[in-house]
Amino acid sequence: GENVEQHPSTLSVQEGDSAVIKCTYSDSASNYFPWYKQELGKRPQLIIDIRSNVGEKKDQRIAVTLNKTAKHFSLHITETQPEDSAVYFCAAFRTASKLTFGTGTRLQVTL
Amino acid sequence: DAMVIQNPRYQVTQFGKPVTLSCSQTLNHNVMYWYQQKSSQAPKLLFHYYDKDFNNEADTPDNFQSRRPNTSFCFLDIRSPGLGDAAMYLCATSRHSGTGGYGYTFGSGTRLTVV
Chain A
-19 GENVEQHPST LSVQEGDSAV IKCTYSDSAS NYFPWYKQEL GKRPQLIIDI RSNVGEKKDQ
41 RIAVTLNKTA KHFSLHITET QPEDSAVYFC AAFRTASKLT FGTGTRLQVT L
Chain B
80 DAMVIQNPRY QVTQFGKPVT LSCSQTLNHN VMYWYQQKSS QAPKLLFHYY DKDFNNEADT
140 PDNFQSRRPN TSFCFLDIRS PGLGDAAMYL CATSRHSGTG GYGYTFGSGT RLTVV
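Same order as they appear, the protein sequences are chains A and B.
Heads up: the first sequence begins at -19 in the numbering used here, then just goes up one per residue.
Heads up: the second sequence begins at 80 in the numbering used here, then just goes up one per residue.
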């Protein structure tokens, strides 16, 4: 089955700096890669996603890149703000299969 | 608004006493999932329904069962809750077709406490 590795497990950045979270996946047939933000005690919220026919996608301060050859995708957050502090999960999905989550990254944005 | 609704938001149950968590959706998604999430960990898939077809994960204990009486509702039954079953239980839905899946949406979750 699919295996998704996520790094780093914790990340501390200063407000205004950029944050990058990286994930690798094992199943070359995976074709959908969402990123979720989860605040304490709340549900995971989809913040951005990318499909395998696209190499990069951007939404304001958030961007995701996908390298299918390397089976690697990354989340980039620019101009970080304190409200970006949360746990971020990457995930990978293959058609007619299930969503497999990474282990999560706790992002702390300090003033 | 179309959404995924979980009830109750908080559930306290006694050790060994059967408990049922519910999930309903107005998105008309054909796939419904149940995840267990323990503190600071990734959500762990217990099982999912693809339309009426039930798909159990290999490592899901027999203590966990599920029912999907119709497209909109899905239930998680824990037959004999143990202390280790205390967690947040998340319901999620998605829409799948032959070309792929989209629209993953999570409910607010039910936090289960076992006493």
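Where is the CB? At the ideal position from N, CA and C, for every residue including glycine.
> Can you find a CB in chain B that lies within less than 8 Å of the CB of residue 53(A)?
Replying inline: no
> Going by other Cβ atoms of all chains shown within 10 Å of its Cβ, with 16 needed for buried, is residue 119(A) buried or exposed?
Replying inline: The structure shown does not extend to residue 119(A), since chain A is modelled only from -19 through 91, so no value can be given for it.
> With distances taken from CA atoms, which of 9(A), 26(A), 22(A), 62(A) is nearest residue 70(A)?
Replying inline: 26(A)
>> In whole angstroms, give me the CA-to-CA distance for residue 12(A) and residue 139(B).
In response: 25 Å
> If you measure from the beta carbon of residue 69(A) to each beta carbon in chain B, is any gap under 8 Å?
Replying inline: yes
>> On the criterion of 16 or more Cβ atoms from any shown chain inside 10 Å, does residue 89(B) qualify as buried, or is it exposed?
In response: exposed
> For residue 162(B), which three-state DSSP category applies?
Replying inline: helix
>> Looking at chain A, is there any beta carbon in it that lies within less than 8 Å of the beta carbon of residue 87(B)?
In response: no
> What residue does the beta strand (DSSP E) around residue 146(B) start on, and which one ends it?
Replying inline: 143 to 146
> Should residue 84(A) be flagged as near chain B, meaning a C-beta pair shorter than 8 Å?
Replying inline: yes
> Contact between the region 166 to 176 of chain B and the region 113 to 131 of chain B: three or more CB pairs below 8 Å?
Replying inline: yes
>> Buried or exposed for residue 193(B), going by 16 or more other Cβ atoms inside 10 Å?
In response: buried
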